[in-house]
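Participant: In this note's numbering, the protein residues as written are 7 to 166.
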């Protein structure tokens, strides 16, 4: 774990406080879903989250996961990543200190996160010129894998 990254227990407490502030109950299923989401090392779908949450608490239902995802994203502990498919990806906001851009490999569907600190400045500059306030912004790049094209296999994506 990165020395600057808060530990999972304190972040779990933050989530519990968020639930309470919204008048929602702190349940074992919600905590299992949080733990599964926050413990995931990469981007995940709702179905991935369901599988991981059930490893922690087998009573977690699909409906509970789908109801919990908007709560998790509203808490800002998890963020939603829309890559233009009929489903969303999610990722824990663990230690992002700068704007993150996504590069999506069209060959293996892997999503890479890269720092793009210029985007915060760019969004603010453009909005200021129009006398607007930035609500949200995103930068996504789709690309093909050079390694796959050259060698027929991609070591990063996990799929061939």
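For each residue, glycine too, the CB sits at the ideal point set by N, CA and C.
Given that a residue counts as buried once 16 or more other Cβ atoms are within 10 Å of its Cβ, and exposed if not, what is residue 165?
Facilitator: With a pLDDT of only 41 at residue 165, under 50, the local geometry of the prediction cannot be trusted, and no value is derived from it.
Participant: Residues in the same chain with beta-carbon distance under 7 Å from residue 63, minus the five sequence neighbours each way, listed in chain order, please.
Facilitator: Answer for residue 63: 34, 35, 38, listed in chain order.
Participant: Please determine if the region 69-76 and the region 49-58 are in contact, where contact requires at least 3 C-beta pairs separated by less than 8 Å.
Facilitator: A contact exists between the region 69-76 and the region 49-58.
Participant: Relative to the C-alpha of residue 26, which residue among 75, 129, 81, 153 is closest?
Facilitator: Ranking the options by Cα distance to residue 26, first place goes to 81.
Participant: For residue 98, which of 31, 41, 15 has the nearest alpha-carbon?
Facilitator: Considering only alpha carbons, the answer is 41.
Participant: What residues in its chain sit with their C-beta under 7 Å from that of residue 21, if we drop five residues either side in the sequence?
Facilitator: 40, 81, 83.
Participant: So is residue 10 buried or exposed if we call it buried at 16+ other beta carbons inside 10 Å?
Facilitator: Note that residue 10 has pLDDT 48, beneath the 50 cutoff, so the model's placement of it is unreliable and no number is given.
Participant: Helix or strand or just coil, what does DSSP make of residue 51?
Facilitator: Looking at residue 51 - three-state DSSP - the assignment turns out to be coil, as it is neither helix nor strand.
Participant: So is residue 66 buried or exposed if we call it buried at 16+ other beta carbons inside 10 Å?
Facilitator: By the neighbour-count rule (16 or more Cβ atoms within 10 Å), residue 66 is buried.
Participant: Find the nearest neighbour of residue 110 within the set 159, 89, 75, judged by alpha-carbon distance.
Facilitator: Per the Cα distances, 89.
Participant: Which residues bound the beta strand (DSSP E) around residue 117?
Facilitator: Where residue 117 is concerned, the enclosing beta strand (DSSP E) stretches over 117-121.
Participant: Taking the straight line between their C-alpha atoms, what separation do you get for residue 47 and residue 159?
Facilitator: Computed Cα separation, rounded: 23 Å.
Participant: Suppose you measure from the CA of residue 31 to the CA of residue 122; what does that come to, to the nearest Å?
Facilitator: So the two alpha carbons sit approximately 37 Å from each other.
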